[in-house]
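The working numbering puts the first residue of the sequence shown at 416, with every later residue one more than the last. Where is the CB? At the ideal position from N, CA and C, for every residue including glycine. Note that the coordinates shown come from a computational prediction; the quantities given were computed from them, not determined experimentally. Written below as structure tokens is the structure these notes are about.
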Amino acid sequence: MRHLMSPLDLSVEELEKLLNLANDIEHNPDKYAHVCDGKRIATLFYEPSTRTRLSFEAAMMNLGGKVLGFSSAASSSAAKGESVADTIRMASCYADIAAMRHPKEGAPLVASMASRIPVINAGDGGHQHPTQTLTDLLTIRSLKGRLDHLVIGLCGDLKFGRTVHSLIEALSRYEGVEFILISPEELRVPDYILEELRAKGIKYKEVVRLEEALPDLDLLYMTRVQKERFFNEEDYVRMKDFYILDKAKMELAGPEMLVLHPLPRVNEISVEVDNDPRAVYFQQVQYGVYVRMALIVTLLELEV
Ligand code: NCD
């Protein structure tokens with residue numbers, strides 16, 4: 416039985432297969448409409464979510480399956496003190512696969528060790544968010560045609576942004592990928608990730624000004640300042656509007672540069688950018704459903 420805790424749990428070849436399956440699902444949805452008949456997914460969300468939870472649920476429904484779960488710790492037995500290990504043992508009796516989001520780093524991993532069904536990490540604290548990364552990779556590969564030889568700017572809260580950590584690790588495995596890490600000093604990428612980049616000999620640069628990076632990018636990955644991970648409100652308020660991508664800044668970028676964002680957006684992308692053909696963050700949401708469908712089929716080892 417396989418779980419998905421980090422994007423690196425999939426080899427490059429397995430990832431390629433998964434993205435190909437997602438492409439096939441996109442183009443032939445009818446073929447997949449019943450592959451999960453009689454199957455259920457449990458969405459165990461101890462932290463707020465719109466896209467990720469609904470995306471898993473839509474994915475399972477598109478495959479003919481059913482969904483059950485909870486969307487906040489307060490509405491689950493966690494409020495009574497139940498451990499994630501006990502919760503997943505229980506969910507193993509009700510469902511065939513589970514997606515878990517938790518504010519504590521490593522909680523889905525602990526759950527997976529007690530589970531009788533595959534567990535997907537749907538975001539654990541400031542650590543990892545592998546299915547957002549699968550979404551990002553499918554978006555990039557579909558719209559750019561490749562995952563190698565790309566200059567990627569990641570901008571915003573690179574310290575607490577789990578989507579950033581997962582995406583850097585996943586893209587690090589492709590040739591000719593270069594990272595421009597754009598953040599205020601206080602929100603730099605954690606050292607353990609920079610060490611991995613150095614160990615692999617991957618080119619990266621850390622900059623503070625977005626304007627400086629824009630002309631060189633193939634992709635700009637914008638992120639929200641992760642309010643819920645700050646220790647005090649003052650620091651958050653000081654950081655929250657550090658970057659605002661607007662029309663004027665988009666003029667500094669090349670005609671082919673795509674703008675991605677895992678969403679939710681707060682202020683970091685002005686709504687005036689939404690109609691720019693280079694802004695693909697809403698398309699990204701759609702790719703998220705296809706790739707989660709592909710992931711469910713893969714982890715359940717279903718014949719397609
Ligand atoms: C991200 C997350 O939860 O980490 N959201 C998402 O799943 N699309 C990004 C964020 O909350 O900023």
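Counting of Cβ neighbours within 10 angstroms places Asp606 among the exposed residues, the total staying below 16. Residue pairing of Thr548 in beta bridges, as defined by DSSP: absent, with no partner found. In this structure, the C-beta of Gly538 approaches the ligand NCD to less than 6 Å from one of its heavy atoms. Residue burial is scored here from C-beta neighbours: Leu717 has fewer than 16 other C-beta atoms within 10 angstroms and is therefore classed as exposed. In the three-state reduction of the DSSP assignment, Leu715 falls in the coil class, being assigned neither a helical nor a strand state.
For Thr458, the number of other beta carbons within 10 angstroms of its own is at least 16, and it is reported as buried.
Summarising the contact set, residues whose Cβ lies nearer than 7 Å to any heavy atom of the ligand NCD are, in chain order, Ser464, Arg466, Thr467, Gly538, His544, Gln547, Gly576, Arg577, Thr578, Thr638, Arg639, Gln641, Pro677, Leu678, Pro679. Following the DSSP letters along the chain, one finds Asn690 in no beta strand (DSSP E), marked with neither H nor E. In the DSSP assignment, Val622 falls within the unbroken beta strand (DSSP E) covering 619–622. Distance from the CA atom of Leu710 to the CA atom of Glu687, rounded to whole angstroms, is 34 Å. Put simply, of Val499, Val695, Val719 the residue whose alpha carbon is nearest the alpha carbon of Ala529 is Val499. Look at the segment 617–677 and you find these whole runs of beta strand (DSSP E), each 3 residues long or longer: 619–622, 634–637, 673–675.
Taken atom to atom, the span from the alpha-carbon of Arg624 to that of Ile535 is near 36 Å. If you compare the alpha carbons of Glu671, Val706, Arg417 with that of Asp691, the shortest gap goes to Glu671. The residue from Ala522, Gly538, Pro518, Arg504 with its alpha-carbon nearest to that of Leu582 is Gly538. The Cβ atoms of Ile512 and Ile456 sit closer than 7 Å to each other. In the structure shown, the three-state DSSP call for Leu459 is strand. When the five nearest sequence neighbours on each side are left out, the beta carbons in the same chain lying within less than 8 Å of the beta carbon of Leu715 are those of Cys451, Lys454, Asp511, Ile512, Pro533, in order along the chain. With fewer than 16 other Cβ atoms from the protein chains shown falling within 10 Å of its own Cβ, Gly616 counts as exposed.
In the DSSP assignment, Val525 falls within the unbroken alpha helix (DSSP H) covering 522–529.
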